[in-house]
Amino acid sequence: MDTSFLDKAIVFAVQAHAGTPRRGKNFPYIVHPLEAMAITATMTGDQELLAAAVLHDVVEDTDYTVADLEREFGPRVAALVAGESDSLYENQSEAASWHVRKQEAINRIKAQSREAQMVALGDKLSNMRAIYRDYNELGDKLWQRFHVTDVAEHAWHYRGLAASLAPLAATEAYREFTALIDKVFGKSQR
0 MDTSFLDKAI VFAVQAHAGT PRRGKNFPYI VHPLEAMAIT ATMTGDQELL
50 AAAVLHDVVE DTDYTVADLE REFGPRVAAL VAGESDSLYE NQSEAASWHV
100 RKQEAINRIK AQSREAQMVA LGDKLSNMRA IYRDYNELGD KLWQRFHVTD
150 VAEHAWHYRG LAASLAPLAA TEAYREFTAL IDKVFGKSQR
């Protein structure tokens with residue numbers, strides 16, 4: 000199996016996120032994109048999808064652009080990463096624009112191809128795993144780590160993501176995702 004394309008994406012992501020810790024954690028940020036890639040690999044072996052999964056936060060969280068990724072990895076990977084990237088609003092804090100940005104993400108994911116949804120599920124399940132672990136340790140103090148601290152907003156967001164990702168309901172990753180949502184936010188209001 001030739002993994003040179005994926006290997007290049009992994010190295011690129013490691014270098015792009017170098018020195019950045021995961022929010023509220025004492026480990027390197029790159030652990031999250033690598034986990035997102037591993038989750039995506041449970042649904043596909045497509046090297047470009049796996050590359051997009053490991054690169055999914057590069058545009059959102061570093062100085063690299065979609066154009067940079069297109070030059071390095073081609074238009075398909077760049078488009079997949081662009082589809083996973085939130086847009087910030089000028090003159091608004093992350094907290095002030097949070098609900099609008101999350102609704103846009105829910106809508107965007109729902110309209111995406113199955114392939115793009117696999118990349119999104121890799122990211123979202125990795126996030127939900129971290130939330131579940133941290134919630135078990137910290138309880139409601141966990142929400143203070145985020146720009147928006149209202150647990151109801153996070154529950155709305157993750158349930159909306161689950162609804163958007165429903166075409167992947169037959170996958171183990173989706174079943175784990177929805178089970179963790181239920182464990183953290185309860186089974187009501189689904």
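So that you can map any letter, position 15 of the sequence shown is 14 in numbering that gives the first Met the number 0, and since no number is skipped, the others follow by simple counting. Quick reminder that beta carbons are idealized off the backbone N, C-alpha and C, glycines included.
Looking at C-alpha atoms only, which residue of the options is the closest neighbour of residue i?
i: D181; options: V30, A95, L141, R128; result: R128
i: A35; options: A52, V10, M42; result: A52
i: Y62; options: K140, H16, E83; result: Strictly speaking, residue 62 in this sequence is Asp, with Tyr absent from that position. Among K140, H16, E83, the Cα nearest to that of D62 is on H16.
i: R113; options: Y28, F145, G82; result: G82
i: F184; options: A165, A168, G159; result: G159
i: H153; options: I130, A172, R174; result: I130
i: T39; options: K186, L167, L179, T177; result: L167
i: T64; options: T19, D85, D149; result: D85
i: F4; options: T19, L49, G18; result: L49
i: R75; options: V57, E59, Q46; result: Q46
i: A172; options: D6, G73, A119, L141; result: A119
i: H98; options: T148, T41, A165, A162; result: T148
i: G23; options: A95, S92, R132, G73; result: R132
i: R21; options: A162, A161, F145; result: F145
Would you give the residue range spanned by the alpha helix (DSSP H) that residue i belongs to?
i: P74; result: 74-83
i: Q14; result: 3-15
Under the three-state reduction of DSSP, which class applies to residue i: helix, strand or coil?
i: S96; result: helix
i: T177; result: helix
i: K123; result: helix
i: R189; result: Any reading at R189 needs caution, since the residue's pLDDT is 41, under 50, leaving its predicted position unreliable; the model's value is listed next. Coil at R189, not helix or strand.
i: M117; result: helix
i: Q111; result: coil
Buried or exposed: where does residue i fall if 16 or more other Cβ atoms within 10 Å of its Cβ makes it buried?
i: V10; result: exposed
i: A115; result: buried
i: T19; result: exposed
i: D139; result: exposed
- Task: Mind listing, in chain order, the continuous alpha helix (DSSP H) runs of no fewer than 4 residues lying wholly within the segment 133-168?
- Result: Those alpha helix (DSSP H) runs which fall completely within the segment 133-168 and span 4+ residues are 150-163.
- Message: Extract the residue ranges of the beta strand (DSSP E) inside the segment 17-65, only unbroken runs of 3 or more that lie entirely within it.
- Response: Within the segment 17-65, complete beta strand (DSSP E) segments of at least 3 residues are not found at all.
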